[in-house]
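In this note's numbering, the protein residues as written are 1281 to 1458. Beta carbons: idealized from backbone N, C-alpha and C, even for Gly.
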């Protein structure tokens, strides 16, 4: 049996064993005897490669795209589109985004769903959050919310800009440089 294995691994058949397969049947080859050899050979049954099965599972997984949203209460999307102001340091190492919401929908839902727990920006890359949230009241009634998100590194700035690009495309916002 050892000589059969070494023959299979050094033959052109072994080259085909290392190639990915796109079918699910077992692979079968026969080594036949010849007039110049005393080796009669045997039918060889080889199972599919294990890594190919793993590769199939990866291809079968579904990647879901998440609609970019803003939430003040986790699980409840804010329907009001904010005005957003951006500032960035001269050296580009940090920055701040200020979101202003006039008459946000969270005030309508906060009694039913819960209290405002923070400011959450959610997209396909994950969640960015801040607890710097202030409410504005006029005549004892809620009129607006201001939320601040601070970016302390260029990486955080880039991540925020990717979120804002997705959010603005989804909600029809445009960037105006002042």
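Kindly list the residues whose CB is nearer than 7 Å to the CB of residue i, restricted to its own chain and excluding five residues on each side of it in sequence; keep chain order.
{"i": "residue 1422", "result": "1387, 1415"}
{"i": "residue 1432", "result": "1374"}
{"i": "residue 1417", "result": "1423"}
Starting from the C-beta of residue i, find all residues in its chain whose C-beta is less than 6 Å away, skip the five residues before and the five after it, and write them out in chain order.
{"i": "residue 1340", "result": "With a pLDDT of 46 at residue 1340, under the threshold of 50, the modelled position of this residue cannot be trusted, and the question is left open."}
{"i": "residue 1361", "result": "1451"}
{"i": "residue 1411", "result": "1398"}
{"i": "residue 1368", "result": "1375"}
{"i": "residue 1401", "result": "1350, 1408, 1443"}
Can the beta-carbon of residue i be found closer than 8 Å to that of residue j?
{"i": "residue 1378", "j": "residue 1428", "result": "yes"}
{"i": "residue 1346", "j": "residue 1403", "result": "yes"}
{"i": "residue 1430", "j": "residue 1413", "result": "no"}
{"i": "residue 1408", "j": "residue 1442", "result": "no"}
{"i": "residue 1447", "j": "residue 1348", "result": "yes"}
Quick one: grab the DSSP three-state call for residue i.
{"i": "residue 1293", "result": "Its pLDDT being 43, under 50, residue 1293 is placed unreliably by the model, and nothing is read from it."}
{"i": "residue 1362", "result": "coil"}
{"i": "residue 1379", "result": "strand"}
{"i": "residue 1404", "result": "coil"}
{"i": "residue 1422", "result": "strand"}
{"i": "residue 1345", "result": "coil"}
{"i": "residue 1413", "result": "strand"}
{"i": "residue 1399", "result": "strand"}
{"i": "residue 1352", "result": "strand"}
DSSP has residue i in a bridge; who is on the other side?
{"i": "residue 1367", "result": "1376"}
{"i": "residue 1433", "result": "DSSP output for residue 1433 lists no bridge partner at all."}
Please return the same chain residues whose Cβ sits closer than 8 Å to the Cβ of residue i, not counting the five positions on each side in sequence.
{"i": "residue 1358", "result": "1349, 1350, 1351, 1352, 1381, 1384, 1385, 1386"}
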